[in-house]
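One structure is given below, encoded as structure tokens.
Number of protein chains: 2
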Amino acid sequence: MLGSNEVNDKEESVIKVSVLYPNSSRCKFDMAYYLNKHMPMVQQKLGPACKRMAVEEGIAGGAPRTPATYVAMGHLYFDSTEAFQTAFAPHAQAILADIPNYTDTQPIIQISEVKL
Amino acid sequence: MLGSNEVNDKEESVIKVSVLYPNSSRCKFDMAYYLNKHMPMVQQKLGPACKRMAVEEGIAGGAPRTPATYVAMGHLYFDSTEAFQTAFAPHAQAILADIPNYTDTQPIIQISEVKL
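Those protein sequence lines, which keep their order, are chains A and B.
Quick note: the first sequence uses this note's numbering, first residue 659, plus one each step.
Quick note: the second sequence uses this note's numbering, first residue 659, plus one each step.
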């Protein structure tokens, strides 16, 4: 919570790594493969450092009859940026090499701190 | 889960409305106001239709020493797109009018279906 001291903020922080797949009219995204093959593989490789995963499929933009900006979004939660980097680095090549098996889009990656 | 029938998929679906605030070197985002004033006001106006909220602050991009694509992200969860629209429409003006109080960025809105 805001207002608590810095030490507690650090101890309690959660890091969310978001993988955002830009949408386009011709893009391919195999959600079944992503849910049933890719994400379980990622969880297995990252191990217990990855505390939680979330996946969403874009269905619409904010304005009526506009497409979603992202065809899909995947999120991985860690205790710290260092925990993410330590878990991810040894498996980065294998994880990234699987992306063409379910999509032809180039994902945007963002690291965020969970505030609420 | 994939493979279950369509009726169950629909009954169990959760909709996530993401409000993504693009980052720039000069952009302003008052996270304290967003967490302590804006989001509680949104929750109060949307009422029980809004099942859950989440907020993240962007800290980095995926590549070393790159900035986050979004300075902040807010997420609202509903049972359906209709539940969101019904809850949001009467309060849209008041909610949108509060945005300049915490940021000068123009958010991107995306509606997604939670798959995992």
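The C-beta atom is built at its ideal place from N, Cα and C for all residues, glycine as well.
Note that the structure is predicted; figures quoted are calculated from it, not measured.
Q: With 9 Å as the threshold, decide whether the Cβ of B/ILE753 is near any Cβ in chain A.
A: Within the second sequence, residue 753 of chain B is the residue found at index 95, counting from 1. So, not an interface residue.
Q) For the alpha helix (DSSP H) that B/ALA755 lies in, which residues bound it at each end? A) On the second sequence, residue 755 of chain B is found 97 positions in, with the first residue counted as 1. 750-755 is the extent of the alpha helix (DSSP H) around B/ALA755.
(Q) Between A/ARG684, A/ASN681, A/TYR760 and A/GLN701, which has its C-alpha nearest A/HIS749's C-alpha? (A) Taking the first sequence and counting its residues from 1, the one referred to as residue 749 of chain A is at position 91. Of the residues A/ARG684, A/ASN681, A/TYR760 and A/GLN701, the one whose Cα lies closest to the Cα of A/HIS749 is A/GLN701.
Q) With a Cβ-Cβ cutoff of 9 Å, do B/ASP737 and B/ALA712 count as a contact? A) To locate residue 737 of chain B, count along the second sequence from 1; it is residue 79. To locate residue 712 of chain B, count along the second sequence from 1; it is residue 54. Their beta carbons are not under 9 Å apart, which means B/ASP737 does not touch B/ALA712 by this criterion.
Q) At least one CB of chain B closer than 9 Å to the CB of A/LEU734: is that the case? A) Position 76 of the first sequence, counting from 1, holds the residue named residue 734 of chain A. Judged by the 9 Å Cβ criterion, A/LEU734 is not in contact with chain B.
**Q.** Residues sharing a beta bridge with B/THR761, DSSP
**A.** Walking along the second sequence from the start, residue 761 of chain B turns up at place 103. For B/THR761, which the question treats as bridged, DSSP gives the partners B/PHE687.
Q: If I'm right that A/PRO765 touches A/VAL672 with Cβ under 8 Å, what's the distance once you round it to whole angstroms?
A: Taking the first sequence and counting its residues from 1, one reaches residue 765 of chain A at position 107. Taking the first sequence and counting its residues from 1, one reaches residue 672 of chain A at position 14. Wrong, their Cβ atoms sit about 21 Å apart, outside the cutoff.
**Q.** Residues in the stretch 699-720 of chain B having any Cβ partner in chain A nearer than 9 Å
**A.** For the stretch 699-720 of chain B, residues whose beta-carbon sits nearer than 9 Å to a beta-carbon of chain A comprise MET711, ALA712, VAL713, GLU714, GLU715, GLY716, ILE717, ALA718, GLY719 and GLY720.
Q | Per-residue contacts from A/THR763 into chain B (C-beta, under 9 Å) | A | Along the first sequence, one-based indexing puts residue 763 of chain A at 105. Chain B residues near A/THR763: none, gap ~14 Å exceeds 9 Å.
**Q.** Cα-Cα separation between A/PRO725 and A/ASN681, rounded to whole angstroms
**A.** Taking the first sequence and counting its residues from 1, the one referred to as residue 725 of chain A is at position 67. Taking the first sequence and counting its residues from 1, the one referred to as residue 681 of chain A is at position 23. Between A/PRO725 and A/ASN681, the C-alpha separation is close to 8 Å.
Q) Counting only beta-carbon atoms, is B/SER683 nearer than 9 Å to chain A? A) The residue labelled residue 683 of chain B in the question sits at position 25 within the second sequence. Taking Cβ atoms only, chain A never reaches closer than 9 Å to B/SER683, which makes this a no.
Q | Contact set between A/TYR728 and chain B, taken where Cβ atoms lie within less than 7 Å | A | Stepping through the first sequence from its first residue, residue 728 of chain A is reached at position 70. Here the neighbours are GLN768.
Q: Under 7 Å between beta-carbons, which chain A residues line up against B/GLU771? List them in chain order, please.
A: Residue mapping note: residue 771 of chain B aligns to position 113 of the second sequence, counting from 1. Against chain A, a Cβ distance below 7 Å from B/GLU771 picks out GLU714, GLU715 and ILE717.
Q) Looking at A/TYR691 and A/GLY600, is the spacing between their C-beta atoms short of 9 Å? A) Nothing about residue 600 of chain A can be reported from this structure: the residues present for chain A run from 659 to 774 only.
Q. For A/SER770, does the count of other Cβ atoms within 10 angstroms reach 16, so buried, or fall short, so exposed?
A. Walking along the first sequence from the start, residue 770 of chain A turns up at place 112. With 16 or more other CB atoms across the displayed protein chains lying within 10 angstroms of its CB, A/SER770 is buried.
Q) Considering A/LEU734, what are the terminal residues of the beta strand (DSSP E) in which it resides? A) Within the first sequence, the letter at position 76 stands for residue 734 of chain A. 728-736 is the span of the beta strand (DSSP E), which, as asked, contains A/LEU734.
(Q) Suppose the cutoff is 8 Å on Cβ atoms and the five residues either side in sequence are ignored; what does the same chain contact list for A/GLY716 look like? (A) The residue you call residue 716 of chain A lines up with position 58 of the first sequence. Excluding positions up to five away in sequence, the list reads ASN681, PRO725, ALA726, THR727, TYR728, VAL729, ALA730 and MET731.
Q. Where do the ends of the beta strand (DSSP E) carrying A/LYS674 lie?
A. Counted from its first residue, the first sequence places residue 674 of chain A at position 16. First-last of the beta strand (DSSP E) with A/LYS674: 673-680.
Q. What residues of chain A sit near B/LYS674, judged by a beta carbon separation below 7 Å?
A. Translated into the one-based positions of the second sequence, residue 674 of chain B becomes position 16. The contacting residues are GLU714.
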